[in-house]
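These notes concern the structure reproduced below.
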Amino acid sequence: MDSDHDVKGKCAAEASRRPGEGAPLDLETLREGLRAKRGPELWRSLDELAATPEFEDLLHREFPRQASEWPEGVSRRNFLQLAGASLALAGLTACTKQPIEKIVPYVRQPEQVIPGRPLFFATALTHAGYALGVLAESHLGRPTKIEGNPDHPASLGSTDAFRQAAILSLYDPSRSQTLSRNGRTATWSGFASDVNGALRARQPLGGDGLRILSGTVTSPTLEAQIKEILARFPKAHWHRWEPAGPHHERAAQVRAFGRPVEVRYDLSKADVVVAIDSELLTQGPGSVRASRDFGAKRRTPDMNRVYSVESGPTSTATVADHRLQLPPAEIEAFLAALAQAVGAAVSSGTGGELVTDPHVKQWVDAVAEDLKAHRGASVVAGGEQLSPAALVLVHAINGALGNVGATVTYTEPVEADPVDHVAELRNLTKDMADGKVDMLLLLGGVNPVYTAPADLDFAKALQKVELSIHHGLYEDETSRYCRWHIPAAHELEAWGDARAYDGTVSVIQPLIEPLFEGKSEIEVLATFNNRPDAAGYELVQAYWKTRLTGSFDTAWRQVLHDGLVANSQAAPVSVTVAGSAAQTAVTEIAAAVQQARARKDGVTLVFRPDPTIYDGRYAPNVWLQELPKPLTKLTWDNALVIGPKTAERLGLRVEETVELTVAGRKDLTLKTSAAVWILPGQAENTAVLTLGYGRAETAHGREDGGAGFNAYALRTSDALWSAPVEIRRIGERYPFACTQNHHALDPQGNETKLASEEAEQRHVVRQTTLAALRKDPEVIRKQGEKPAADESLYPAWKYPGHAWGMAIDLNICTGCNACVAACQAENNIPVVGKEQVLAGREMHWLRIDRYFQGDLDAPAIHHQPVPCMHCENAPCEVVCPVQATSHSDEGLNDMVYNRCVGTRYCSNNCPYKVRRFNFLRYSDRESPLAAMLYNPDVTVRMRGVMEKCSYCVQRIEQAKIEAKVEDAGAPEAGPHKIPVGKLQTACQQSCPTQAIVFGDINDPQWEVSQWKADSRNYGLLEELNTRPRTTYLAKVRNPNPRLEPPSDSKSDSTSELKSEMRTTHGHS
Amino acid sequence: MATPDDGAALQSPEKPYKVPIVAPGHTTATVTDKISAVVQSRTPRWWFIGFGISFLLLMMFLNSVTWLLWKGVGIWGINQPVGWGFAIINFVWWIGIGHAGTLISAILLLLRQEWRTSINRFAEAMTLFAVSCAGLYPLLHLGRPWLFYWLMPYPNTMGMWPNFRSPLVWDVFAVSTYATVSLLFWYVGLVPDLATLRDRSRHRFWQVVYGFGAMGWRGSAKHWHNYETAYLLLAGLATPLVLSVHTVVSFDFAIGIIPGWHATIFPPYFVAGAIYAGFAMVLLLSIPLRVAFNLEDFITLRHLQNMGKVMLATGMIVFYGYMTEFFFAWYSGNHLEQFTSMNRILGPYKWHWFGLMFCNGVAPQILWMRRFRTSPFWLFVVSLIVSVGMWLERFVIVVTSLHRDFLPSSWGMYAGTKWDWMTFIGSMGLFLTLFFLFIRFLPLISIFEMRTIVPGTKGEPSRGSEMTEVPQ
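Line by line, the protein sequences are chains R and B. Residues -16 to 1051 (the working numbering) are what the first sequence spells out, left to right. Residues 160 to 631 (the working numbering) are what the second sequence spells out, left to right.
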């Protein structure tokens, strides 16, 4: 018990020392204690003072559960004790949280807990409300890594970058750590009594003036709780605001079907995919699954055909066979014409043709023909940035093509009580401004002061609310206006539940006690239901007790084990587009198009959720901040992205600041500043500004909070996704940290052009068409020169045991960044900050190169993930003076950190430039939170040493050990066989399209061996005779002959001849 | 070097290279007096000023090195893909400068070029100090400099040898051998002069100090015999080093596979470049020195002109090297080589390249004209330009090859930071500080060797046992 007290004392001291707090818990008690001690006795710290019995009493009163609290200054020994105890008990009872909270060292080693061997728990992580089933890796009670849950339909084992980075948010020291009331540290019981009093006062009024604002909610428990509150307080109201939610899509559904539904695409069955301004493979609740299906279909011999029509480059475009670049209004005209062409809508009756450009016309005809030829086996997907009318047409086209029920499924909405978020927020703001709201709960990190449309002026209205309660992971713009701030528990530290894109429910189980004083959403809501001390565990279990079939204990364990509730998908609904809806939509679009065409040179600003920090919620996450955006390769900032032609016309240069003005409704004029980035492939007269940046300085407790430019300042509730904008030059320079071609974008784009031409000349991204590949399977190999295997001074290595290799299919890489984030999490890769990225020193072991090809105004775009090539003839190995990088007997190019003296010769001599050097001390080797985050199987590198991709050597060794244990009885002969598929690298495991395979190339059973035997397989820069172990499968396009006539045999042979000539010439 | 007017020039006493290597009127006594006076007279004011400035620069060097060790090499401008920057550029630059000293003292000695006698002592000192500066850079540029000794083969508990395939290990041997031999050569040459200074010193302190350095030299025939043998042997040892050191340094690049580095022309043209840069530095030092210490009688126009000629010759070799690189880039048909060559001329570092061509290729051409070749002022200017040019050459080789190599996705830019510049300029402070100390406390011209070439003592300086008659 003594040790128990000890920890408590420490916790309390920590609590009162935390930054940003005003007064300690009970100053009077402390002062009294001090007064008594006045004289020769000096007190040195609050710790000492806190050792008094009075203080301990106070703690017991205030924090009855304090023993489990996680102080930052905890010693290793205490940590192990705590971690051991909590995990041990959790393991014994099948992942349930234990009420016993005594701290005792192991007396007997608990089952399953073996130091050095991680445990995996099935849980779920949500993004914008929707769940993705994951497996969380836990080392002695510390979650360290997120993997996809192979049994979960939304994941199938893959994840996205957001989920990979979630682990960092858990240990983020800038998270809010204590409850606060009016900015001063407060207690949970204080909060509970405050809420209780307020509710009691409102009881007779039926809860008039009580409002709840949340983001998208899919949690059944949470929904039940809110409904319970609404039942008790009939006049209360539940509002929703999801800044980047499917607002237009929802409106379109209501227009088309008269009700909200959930749309699911099955890309595994779609022969033709038409993406209209849509990021269907990288954004949205089902994108991970969509990527998986897409990848599977595209890898088959009868690969699909993808068209992407868009205003600016999307991830879809990088894997599309055809890409058409149009301004937003013209996209809608295209869609209307397409609807007419496939018979989803009749002629608009406006007289003039919607599409006049012959090229676009040809596109309409070709796409329509292709779609009609694949009735029931095609998908037309529309992006949220389209108008509701256009999205109605998307549904109509899918309906007309007979895709509904085949490749397109409509189900009951997954969101609890789906409502029009914009209208809800508008109403709430109006009521607040009118003084009708006196108690507001902002639940789950919703941050409307920052994210609400600029015309609503939410901040001003919020000030009129008497009792406002903000609940979130961070103190943010909104929390500053609120009386209460309740720190939220991370999803890895609290119980909950949520639904995936298809409705499947997962129970979210914690892997660790809350590090700070975080409370989950359901625990906060429980205070409104008079159960302030109810643990999340009880609340979730209470909900499911009546809903799981069979014996509850068995069923509950099954749910926790599987990570999902079986057969809980949303029920399909049968809806058809209302007869006149499509027609009305076409007419509407026609009018809008005429109007837009009248504007001529006016620039349209398009808002998109940011590919790395989404709507701003991930802004504090430095992994995501430093993740290069898939197309611009910018880090730490968003930019006003425009095309080269528009830049030229407006006289804008890269990194130049401009003032953006959107003329809103009434007399409202919205302005913000931004800096320009020129992106080839951005349609003329359009600009993109992603959401989530430009937040108030230190918005989330970090100095770099204010990076980028605030798109929300230009966003109004009636123009959520695009608005006409005026651009005025300010002309200051704002440096952008770009990870590719640092500073190379000169105004004329010459440098970019040079880089893309050189990439083509050097056969960096090899490609062909499906027809050409069928005609000549060797077409890819002929594109480069491959030296003979024995062309080396040194004798070839022999690999009697394993030989590790990797292959990456460029044809299905969408550049989504999941692999990069997974690599960062797995390998303890440090973040270096904007300044260091600017200096060209980013540390990612795996990078995704992006190349443009062809006309810079409308280029083809390629992604190419580049890890270490693990060359057989590695140029780095020869030049290292101290043998810090050397060849393993399994073909790995090993990096020995503690032997490295840092000459950097290896990096200079690496043709692929995959080596990364710790120029400064990048890794946090001190803070205890960082220590908890690190993967214990991977060294944390010090400054002055080189590092690089190791093919996740720690996983290889783990698998070898396991294989050896399995083979324990077998005679000691050769290496122990690792079962096929038992070993995955972190990047491979996370990849949503499964574009990366890894394994033993000595064993033909492994998929990687089969990929390497493919005729598309080639090595990057293989003419250097480095003989890379990482190889690529060339891109194969499946063009529509109507849009791209196959090159006749004559021109084909000449181009072949040319490459032949180059080859022989280079050889001589 | 025979030009058509050689014969005429030889007849004319005004022609500079007819100027004797020691001005007329000197006897062995005046030579000894004059050179010892530099050390033994009162310290001139300009010395304090010069030393003060050099010392401040040295402090700047120490300051930037301290910060470097504290923070890491990230304070420099190096990055991905340019992993080597100022440190390696400066290393090659300094070590190149050193070469002239060795060439003058060893090769010209063996070739019996008597004019070398006036300049070999301070040229050797220059070598030593340049190598000291150069040697620091490979240590400082390490990510973990405290582990530098891992590059050396020594028995250790880790059971690890260095990687003998790596040119950086060859560098360790080449540079350390070079530094050792240079030091020995310089010191052995100093011994008789230290004895002279010991004998001429009036103060007990200096008698002890110089006496200590003279290692009991009494000038006996046996001493002279041993001395001459040792000196010749060392000259023989040092001679191959003139060629080998920079050859090995050039391997640092030539062994790499980076286009722009991977070239067989590197060893000869690096050696020529080193001699080129070295003679430029000897000129930069000797021209002010002869004025400051009134040594025009010993370092005559003939010396300056000879050095100008060596510069012109080696400069042409270097320029030929540049052209060969371009020729072979074109002739190889290798796209990457061609791209790298074109990128040097047209890429973002084109002004560095044009600067290099001007400094190393164009500017020295004025040395064809005797008017410039015999003008200390113009020689000084050309030497300055050549020194800048040789630095630019290393910049172009190191940076432009790395900044755009194989994969366009990894292309980047490089620029030195203020710490790079402070370290570079600071290392000049180290060099100058050592040099100022040298000219103040040691005879900057070999006294005893000068005595052998004073007109009248002997027509030809001859070496070996018959030189015992040299007066004490």
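Glycine residues also receive a C-beta, built at the ideal position from the N, C-alpha and C atoms. All values derive from a computational prediction rather than experimental measurement.
So which residues on chain B does residue i lean against when the C-beta distance must stay under 9 Å?
i: C851 (chain R); result: Near C851 (chain R) there are no residues of chain B at all, since even the closest Cβ is about 13 Å away, more than 9 Å.
i: R904 (chain R); result: K230, G231, G233
i: G784 (chain R); result: Those within 9 Å of G784 (chain R) in chain B number zero; the least Cβ separation is about 24 Å.
Tell me the DSSP secondary structure of residue i in three-state form.
i: L903 (chain R); result: coil
i: G366 (chain R); result: coil
i: Q186 (chain R); result: helix
i: M218 (chain B); result: helix
i: I572 (chain R); result: helix
i: A169 (chain R); result: coil
i: H421 (chain B); result: coil
i: H384 (chain B); result: helix
i: P535 (chain B); result: helix
i: G257 (chain B); result: helix
i: R482 (chain R); result: strand
Who are the neighbours of residue i on chain R, taking C-beta pairs under 8 Å?
i: N315 (chain B); result: Near N315 (chain B) there are no residues of chain R at all, since even the closest Cβ is about 11 Å away, more than 8 Å.
i: V328 (chain B); result: P864
Just to confirm my understanding: we take residue i, look at its own chain, exclude 5 residues before and 5 after, and list those with CB closer than 6 Å. What are they?
i: S933 (chain R); result: none
i: S992 (chain R); result: I984
i: E120 (chain R); result: P101, F103, T127, K128
i: G437 (chain B); result: I256, H258, A259
i: V963 (chain R); result: Q988, W989
Whose Cβ in chain R lies nearer than 9 Å to the Cβ of residue i?
i: V401 (chain B); result: Here the premise fails: no neighbours, minimum Cβ distance about 24 Å.
Flag residue i as yes when its Cβ comes closer than 6 Å to any non-hydrogen atom of the ligand NAD, and as no otherwise.
i: R580 (chain R); result: This structure lacks the ligand NAD; in fact it carries no ligand of any kind.
Using a Cβ-Cβ cutoff of less than 7 Å, which residues in the same chain neighbour residue i once the five nearest sequence positions on both sides are dropped?
i: I234 (chain B); result: W226, L227, T576, W578
i: F425 (chain B); result: S409, F412, A413
i: V237 (chain R); result: P243
i: M572 (chain B); result: P507, H562
Specify, as a first and last residue, the run of the alpha helix (DSSP H) that residue i falls within.
i: T611 (chain B); result: 606 to 612
i: P427 (chain B); result: 425 to 451
i: L354 (chain R); result: 341 to 356
i: K443 (chain R); result: 441 to 445
i: F517 (chain B); result: Premise fails: F517 (chain B) is in no alpha helix (DSSP H) and is neither H nor E.
i: A188 (chain B); result: 187 to 199
What does residue i reach in chain B if we use C-beta pairs closer than 7 Å?
i: E741 (chain R); result: F498, P567
Give me the DSSP bridge partner(s) of residue i.
i: Y490 (chain B); result: DSSP lists no partner for Y490 (chain B).
i: L623 (chain R); result: R:V659
Which residues of chain R have a Cβ atom closer than 7 Å to the Cβ of residue i, listed in chain order?
i: I416 (chain B); result: P858, N892, P894, L1007
i: L306 (chain B); result: V884
What are the boundary residues of the beta strand (DSSP E) that residue i is part of?
i: K758 (chain R); result: No beta strand (DSSP E) contains K758 (chain R), which is instead part of the alpha helix (DSSP H) from 753 to 758.
i: M789 (chain R); result: 787 to 792
i: A258 (chain R); result: 255 to 259
i: I812 (chain R); result: Where I812 (chain R) is concerned, there is no enclosing beta strand (DSSP E), given that its DSSP letter is neither H nor E.
i: N876 (chain R); result: 876 to 878
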